[in-house]
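Q: Numbering (UniProt numbering), first residue to last: 1 to 689.
My questions all concern the structure below.
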Amino acid sequence: MSALAAPNEVVTRALLRQVNVPGLDRPAALITLDNGFDHTKPNTFGPGGLASLDEAITAALAADPAFIAVTGKPYIFCVGADIVGLPQLADRAQALEIGRLGHRVFARLKDSTVPTFAFVNGAAMGGGLELALHCHYRTLSGGAAALALPEVSLGLVPGWGGTQLLPNLIGIPAATQVIIQNPLMQNKMLKPKQAAELGIADILLEPADFLERSLEWAAGVVRGQVTVTRPEVDKDMWAGVLYFARETLNQRLHGAVPAAYKALDLLETAKDGDFAAGTAAEDEALADLVFSEELRSGLYAFDLVQRRAKRPAGAPDKGLARTITKVGIVGAGLMASQLALLFARRLQVPVVMSDLDQSRVDKGVGYVHTQIEKAVTKGRMDKNTAAKLYGLVSGTVDKSAFADADFVIEAVFEDLGVKKQVWAELEKIVSPEAVLATNTSSLSITEMAAELEHPERVVGFHFFNPVAVLPLLEIVRGERTDDVTLATAFAVGKQLKKSSVLVKDAPAFVVNRLLTRFLGTVFAAVDQGTPLDVANSALDPLGLPMRPLALLQLVGPAVAYHVGGTLHAAYPDRFGVSENLKRIADSGQPIVVDDQVNDEVAKLLVVGDQPLTAEQVRQNALDALAQEIRLMLDEGVVAEAQDIDLCMILGAGWPFHLGGVTPYLDRTGTSERVTGQRFLPRGAASLPA
């Protein structure tokens with residue numbers, strides 16, 4: 001144990017107490033995990049925490065209890081291993097030892113002759129959920145905020161029994177979803193009801209009296225009055241499910257995420273039910289992955305999302321922010337309607353949309369109502385909340401309804417003249433203190449506000465589509481945007497539960513600028529004569545969420561052409577304008593169908609006779625990204641490279657195993673070859689030298 005001492009570990013103590021439970025002839029042993037902080041600093045397991053749990057189990061067994069139960073501090077069960085300590089491991093032997101230590105301690109609950117229970121009262125992730133799986137029975141609170149085995153998203157595998165216990169509890173299809181699919185889908189969490197339906201928990205209980213009901217239920221199990229039945233796991237489908245999962249990974253990741261493939265191998269091992277062999281394999285996999293570049297990038301990305309995103313660099317004092325009591329939205333199209341629903345749900349204030357005619361307004365309000373109805377039907381919203389939201393969202397063709405709005409955001413056509421006209425009209429209506437926000441994706445905030453009487457209250461508020469899903473919000477400061485406006489924008493972003501990044505007023509800001517440069521480089525290869533399918537598959541080794549042409553189709557060729565034109569005007573030497581892209585936009589033809597290039601689109605192209613190889617396309621795209629990021633940092637578009645990565649992760653869905661983008665450019669040598677320097681210090685998101 002001394003070899004694993006972690007001096008910086010925040011030790012989660014396992015606090016043991018005896019609890020008298022009605023109907024039992026002797027007390028139960030209740031172990032509560034608590035690191036001494038509130039829910040904002042969740043319980044984790046490092047060597048010290050595992051030692052404390054080990055001691056508590058020993059003491060509990062010595063007292064000869066009716067049963068042993070493990071629960072957590074308020075709102076938190078345990079969110080897994082102390083990943084902050086992973087980079088401190090000196091060698092593979094230490095990594096093996098930490099895996100074996102966790103297995104040894106947790107197995108005491110699995111192998112106990114005294115019944116063991118996990119009372120999952122709150123967030124349970126990674127090793128925390130694995131601890132619960134080792135117990136004989138599990139109760140689950142309906143208020144548990146997050147349930148997951150997210151390790152693959154970081155570049156690890158569930159290394160304390162998860163790959164062996166879960167498939168033998170809930171079946172291989174569901175286990176594959178939880179262990180591999182969900183982590184790769186922006187680290188999707190299970191809700192308590194979903195976890196219970198999958199069979200991860202034996203009973204779902206209300207949060208208000210969760211501990212009391214859990215003790216009562218456990219006593220019923222011990223007395224034989226409550227029978228727990230679990231469906232038999234079908235072993236016949238095991239090989240077929242894993243074959244399909246591997247093929248899906250190959251199509252999507254092309255070998256780019258070693259942890260996902262390791263997890264598949266471990267799930268295959270679990271079929272035979274030899275728990276000792278399976279956990280030994282987990283130890284070996286963990287030791288291999290701890291010293292991988294992908295894990296270091298994953299830990300870096302995790303830190304960005306969990307810490308930097310909560311403390312935006314450059315944000316002014318939050319005490320300057322104004323209170324928002326009413327929101328106005330100019331426009332009633334799809335984006336505006338999504339914004340109306342988001343603002344109403346999160347801010348709980350009146351939201352009014354406007355548009356040029358009543359039919360558009362009615363359509364926008366109708367969209368909001370339909371989404372509310374769907375949420376109620378699917379059990380995601382109660383009827384009282386729905387009724388309140390119906391009353392909060394309204395529409396009008398009369399902009400005078402914005403007179404008492406504190407925050408007005410426009411989501412109209414992406415044309416500078418149109419947007420300037422909108423603000424010129426509105427400035428005569430709204431109060432001088434009202435914040436004027438624009439959802440522009442590429443236009444200058446400074447130019448948009450230049451002719452206004454109060455340009456200091458105009459701010460960029462750039463969402464990403466779909467608004468309800470992507471968490472990034474680029475907050476853009478124009479040359480004359482003041483601190484009060486900026487502070488209000490950040491406060492609203494936080495209320496909307498978005499991760500905000502401060503961005504300088506530069507063409508296309510961060511995500512759209514980088515994606516346009518990236519896609520432009522790929523499409524330039526097509527213009528030279530590179531076959532569409534070669535260009536489309538060239539970036540496969542990176543394991544990006546979408547291939548370039550599928551992304552282009554999602555953005556829309558017309559939109560991509562328009563944004564490309566804006567950037568071409570600003571930086572003609574780096575951003576070209578492809579007439580082939582305009583031909584595709586004008587044709588209305590899909591570029592890809594079922595991830596395959598549309599042959600009809602290929603016939604529209606006028607191309608050169610200098611095709612590139614896939615490797616050349618890929619390297620050109622990476623070189624372009626490295627150059628553009630260095631220029632953006634030199635221009636001060638964002639504070640640091642970390643903000644670039646945060647934007648690409650949260651706004652473009654770029655994966656943790658790339659660390660967003662700059663760690664990958666560093667570790668492939670692209671950064672230094674193109675720009676003469678790394679973006680990050682060696683060891684920050686990579687293995688030490």
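We treat Cβ as the ideally placed atom computed from N, Cα and C, and that holds for glycine.
#1: So which of 41, 96, 606, 9 has the shortest CA-CA distance to residue 47?
#2: Please name the residue in 389, 385, 356 whose C-alpha comes closest to that of residue 367.
#3: With DSSP as the reference, label residue 490 as helix, strand or coil.
#4: Nearest to residue 638 by alpha carbon, out of 578, 504, 614, 631?
#5: Grouping DSSP H, G and I as helix and E and B as strand, with all else coil, what is residue 18?
#6: If you run the structure through DSSP and keep just helix, strand and coil, what is residue 126?
#7: Short of 6 Å in beta carbon distance, which residues of its chain neighbour residue 437, apart from the five on each side in sequence? Order them along the chain.
#8: Could you tell me which residues DSSP puts in a beta bridge with residue 546?
#9: So, residue 43 versus residue 34, is the Cβ gap smaller than 8 Å?
#10: Flag this pair as touching only if the stretch 588-595 and the stretch 628-638 have three or more C-beta atom pairs under 8 Å; answer yes or no.
#11: For the beta strand (DSSP E) that contains residue 29, what are its first and last residues?
#12: Quick one: complete alpha helix (DSSP H) runs, 4+ long, within the stretch 47-127?
#13: Between the stretch 505-519 and the stretch 353-370, do at least 3 Cβ pairs fall closer than 8 Å?
#14: Since residue 355 and residue 393 are thought to touch, with beta carbons under 8 Å apart, how far apart are those beta carbons, to the nearest angstrom?
#15: I believe residue 327 touches residue 343 by the beta-carbon criterion, under 8 Å. Please report the beta-carbon distance rounded to the nearest angstrom.
#16: Would you please state the rounded distance, in angstroms, between the beta carbons of residue 30 and residue 71? I believe it to be under 8 Å.
#17: Could you check which residue in 84, 144, 509, 595 has the C-alpha nearest to that of residue 191?
#18: What does a CB cutoff of less than 6 Å around residue 670 pick up in its chain, not counting 5 residues either side in sequence?
#19: May I ask you to report which of helix, strand or coil DSSP gives residue 372?
#20: My understanding is that residue 703 touches residue 442, with C-beta atoms under 8 Å, so please give their C-beta distance in whole angstroms.
#21: How should residue 77 be labelled, buried or exposed, when 16 other C-beta atoms within 10 angstroms of its C-beta is the threshold for buried?
#22: According to DSSP, what are the bridge partners of residue 477?
#23: I need the DSSP call for residue 291, collapsed to helix, strand or coil.
#24: Taking C-alpha atoms, which residue in 376, 617, 62 lies nearest to residue 533?
#25: Under the DSSP definition of a beta bridge, which residues are partnered with residue 695?
#26: Apply the 10 Å Cβ neighbour rule to residue 373 and answer buried if 16 or more other Cβ atoms are within range, or exposed otherwise.
#27: I need the boundaries of the alpha helix (DSSP H) containing residue 436, first residue and last residue.
#28: Throw me the rounded Cβ distance for the residue 282 and residue 163 pair, which I believe falls under 8 Å.
#29: At 4 residues or longer, and completely inside the stretch 222-283: list those alpha helix (DSSP H) runs for me, N to C.
#30: Using the Cβ count rule (16 or more neighbours within 10 Å means buried), how would you classify residue 689?
#31: I think residue 126 touches residue 150, with their Cβ atoms under 8 Å apart; what is that distance to the nearest whole Å?
#32: Below 7 Å CB to CB, which residues in the same chain sit around residue 425 once its five sequence neighbours on both sides are set aside?
#33: What is the rounded straight-line gap between the Cα of residue 624 and the Cα of residue 450?
#34: Answer with yes or no whether the minimum CB distance from residue 102 to chain D is below 8 Å.
#35: Going by the beta-carbon positions, is the gap between residue 26 and residue 64 smaller than 8 Å?
#36: Beta strand (DSSP E) containing residue 394: first to last residue?
A: Considering the structure as presented:
#1: Within the sequence shown, numbered from 1, the residue matching residue 47 stands at position 47. When each option's Cα is compared against that of residue 47, the closest is 9.
#2: For the purposes of this step, residue 367 is identified with residue 367 of the sequence shown, where counting begins at 1. The option with the nearest alpha carbon to residue 367 is 389.
#3: Along the sequence shown, read from residue 1 onward, the residue named residue 490 stands at position 490. Helix.
#4: In the sequence shown, residue 638 corresponds to position 638, counting from 1. Closest by alpha carbon: 504.
#5: Along the sequence shown, read from residue 1 onward, the residue named residue 18 stands at position 18. Strand.
#6: As a working mapping, residue 126 is identified with position 126 in the sequence shown. Residue 126 falls in the coil class under three-state DSSP.
#7: Position 437 of the sequence shown, counted from the start, is the residue given in the question as residue 437. Answer for residue 437: 409, 459, 461, listed in chain order.
#8: Numbered from 1 along the sequence shown, position 546 holds the residue referred to as residue 546. Its beta-bridge partners do not exist; DSSP assigns none.
#9: The residue labelled residue 43 in the question sits at position 43 within the sequence shown. The residue labelled residue 34 in the question sits at position 34 within the sequence shown. Yes; because the gap between Cβ atoms is below 8 Å, this pair is in contact.
#10: no
#11: Reading the sequence shown from its first residue, position 29 is the one you call residue 29. Per DSSP, residue 29 belongs to the beta strand (DSSP E) from 28-34.
#12: 47-62, 92-110
#13: no
#14: As a first step, residue 355 is located in the sequence shown; it is residue number 355 there, counting from the start. As a first step, residue 393 is located in the sequence shown; it is residue number 393 there, counting from the start. 14 Å between Cβ atoms; not a contact.
#15: Within the sequence shown, the letter at position 327 stands for residue 327. Within the sequence shown, the letter at position 343 stands for residue 343. Correct: roughly 5 Å between the Cβ atoms.
#16: As a working mapping, residue 30 is identified with position 30 in the sequence shown. As a working mapping, residue 71 is identified with position 71 in the sequence shown. Contact flag correct, Cβ pair sits at about 7 Å.
#17: Counted from its first residue, the sequence shown places residue 191 at position 191. For residue 191, the nearest C-alpha among the options comes from 144.
#18: The residue given as residue 670 occupies position 670 in the sequence shown. Cβ within range, chain order: 622, 626.
#19: Start at 1 with the first residue of the sequence shown, and residue 372 comes out as number 372. Note: residue 372 maps to helix in three-state DSSP.
#20: For residue 703 there is no data in the structure shown, the boundaries of the chain being 1 and 689.
#21: In the sequence shown, residue 77 corresponds to position 77, counting from 1. Per the 10 Å Cβ criterion, buried.
#22: As a working mapping, residue 477 is identified with position 477 in the sequence shown. Partner(s): 459, 504.
#23: As a first step, residue 291 must be located in the sequence shown, where it is residue number 291. Reduced to three states, the DSSP call for residue 291 is coil.
#24: On the sequence shown, position 533 is the one that residue 533 refers to. Here the closest residue by C-alpha is 617.
#25: The question about residue 695 has no answer here: the residues shown for the chain are numbered 1 through 689.
#26: Reading the sequence shown from its first residue, position 373 is the one you call residue 373. So residue 373 ends up on the exposed side.
#27: Translated into positions along the sequence shown, residue 436 becomes position 436. Careful: residue 436 lies outside any alpha helix (DSSP H), inside the beta strand (DSSP E) at 435-438.
#28: Numbered from its first residue, the sequence shown carries residue 282 at position 282. Numbered from its first residue, the sequence shown carries residue 163 at position 163. The Cβ separation is near 6 Å, so the contact holds.
#29: 238-253, 258-269
#30: Walking along the sequence shown from the start, residue 689 turns up at place 689. That one is exposed.
#31: In the sequence shown, the residue the question calls residue 126 occupies position 126. In the sequence shown, the residue the question calls residue 150 occupies position 150. With a Cβ gap of about 6 Å, residue 126 and residue 150 count as contacting.
#32: Position 425 of the sequence shown, counted from the first residue, corresponds to residue 425. For residue 425, where only same-chain residues beyond five positions count, the Cβ hits under 7 Å are 399.
#33: For the purposes of this step, residue 624 is taken as residue 624 along the sequence shown, with counting starting at 1. For the purposes of this step, residue 450 is taken as residue 450 along the sequence shown, with counting starting at 1. For residue 624 and residue 450, the distance between alpha carbons rounds to 32 Å.
#34: No chain D is present in this structure, which holds just one protein chain.
#35: As a first step, residue 26 must be located in the sequence shown, where it is residue number 26. As a first step, residue 64 must be located in the sequence shown, where it is residue number 64. For residue 26 and residue 64, yes; Cβs fall inside 8 Å.
#36: The residue labelled residue 394 in the question sits at position 394 within the sequence shown. Segment 393-396, the beta strand (DSSP E) holding residue 394.
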